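In our numbering, the protein residues as written are 51 to 481.
Here is the structure:
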């Protein structure tokens, strides 16, 4: 509901600009008609329409911006919670393949952008484009076609300007990067440079890189200046073409299909500004579309884990504090005996390395057992199997003569039985 209202408001916001140009053309017509005795009454009415458009733009603009921001934040928060629950319910194999630093803070921001302010901007600009061209064709299709005929030249020069500017930036940055590498190399080995007395040599080497960067900057400045001049030249020439053709229609008393009367200055201005706003809207709609694509890809990655991932080992989250359902966790079994029978284990993320091979071990009640070995021999792996972070590739892990994967209460009850302190313990500020 809120999303639908926001979409309609963003579309209405886009219509306002071409509509303003439409009314402005009528104002120009009225001002040019000196024979009308009620000219002030007509101008006041048209001015009020402009005011109404301004008020309406303020209302719908504020609505779509606020509603989309609210909906996007709410949806992103739901997605973060669902994703975190899915991650916390995943088995350890998942974390062997993905670092915690890769958790989707950036991805949820992409999703929030895709359904928030930027998608509203995209809809507004697309609406401005469609209705701008629509008003232009409706008010004066001949002038609109002439302006569209010149559009490829304007687009081509703008694209050329973008390519030239990007090339100049890349070239200049590459030389500055080389100069920075020289400076970093010298400063990191300053004792060696000082010992051999090569400060002047290194200074000259750094200066040569800066000189090349300066030359590249000068070339880029000249190219950018010519490119900007060419782009504006083509744009203003297209404007001149539109006004020239519009003036020709006015001079020849060409009949306007919209009014049924000859073309006048108001028609020319209304069509001109409608088409200009339409092309502006088209150009401004492209960047938000890229944001939408990024958000779509991020949403797919998030939902792939939430909806499709099935942990190989059931890892149910403990009930929330104060919840009614399952308020009392399953009591862990009493440990009477613990043993490994011919256990072979290979980490899923390192399938070419066998960590444990046919290992058998029995721990009797009341005894203390220390597992000693060199790094990588499988000491921590044994504990991981007892905690059922993993299941053995072959063999069995038994508690009281029963396989741990068959114990009532699952992995959660088993982990409540064991105390585990890692080599690099982490303390949470939760007490």
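Backbone N, C-alpha and C fix where the C-beta goes; we use that ideal spot for every residue, glycine too.
Computed from a predicted structure; not experimentally measured.
- Residue 392: member of the beta strand (DSSP E) spanning 388–396, first to last residue.
- Rounded to the nearest whole angstrom, the C-alpha separation of residue 332 and residue 431 is 59 Å.
- Residue 305 is bridged by DSSP to 312.
- Straight-line spacing of the CA atoms in residue 446 and residue 388 works out to 11 Å.
- Residue 438 counts as buried, since at least 16 other C-beta atoms from the protein chains shown sit within 10 angstroms of its C-beta.
- Under the DSSP assignment, residue 410 falls in the beta strand (DSSP E) whose first and last residues are 404–413.
- DSSP places residue 445 in the uninterrupted beta strand (DSSP E) bounded by 444–449.
- In the three-state reduction of the DSSP assignment, residue 424 falls in the coil class.
- In this structure, DSSP gives residue 437 a state outside helix and strand, which the three-state scheme calls coil.
- Non-local C-beta neighbours of residue 313 in its own chain, meaning closer than 6 Å and more than five positions away in sequence, comprise 299, 300, 304, 306, ordered along the chain.
- A direct Cα-Cα distance of roughly 15 Å separates residue 224 from residue 255.
- Residues 328 of the same chain have their beta carbon placed closer than 6 Å to that of residue 183, with the five preceding and five following residues left out of the count.
- Between the beta-carbon of residue 449 and that of residue 385 there is about 7 Å, and that keeps the pair under the 8 Å contact cut.
- Rounded to whole angstroms, the separation of the alpha carbons of residue 176 and residue 316 is 25 Å.
- Residue 453 carries a strand assignment under DSSP once its states are collapsed to helix, strand and coil.
- With contacts defined as CB atoms closer than 8 Å, residue 319 and residue 196 fail to qualify as a contacting pair.
- Boundaries of the alpha helix (DSSP H) harbouring residue 110: 89–138, taken from the DSSP string.
- CA-CA distance, residue 246 to residue 435, rounds to 58 Å.
- A distance below 8 Å between beta-carbons, with the five flanking residues on each side excluded, links residue 295 to the following residues of its chain, in chain order: 192, 193, 196.
- Counting other Cβ atoms within 10 Å of its Cβ, residue 451 stays below 16 and is therefore classed as exposed.
- One thing to note: residue 234 has its Cβ no nearer than 8 Å to the Cβ of residue 266.
- Residue 259 is classed as buried because its beta carbon has at least 16 other beta carbons within 10 Å across all chains shown.
- Boundaries of the alpha helix (DSSP H) harbouring residue 204: 167–238, taken from the DSSP string.
- The C-alpha of residue 441 lies about 49 Å from the C-alpha of residue 238.
- Each residue's CA atom was taken as its position, placing residue 110 and residue 174 some 11 Å apart.
- If you check the CB distance, residue 281 and residue 198 do not come in under 8 Å.
- Here DSSP, grouped into helix, strand and coil, assigns residue 57 to helix.
- Excluding sequence positions up to five before and after residue 410, its CB lies within less than 7 Å of the CB of 390, 391, 392, all in the same chain and listed in chain order.
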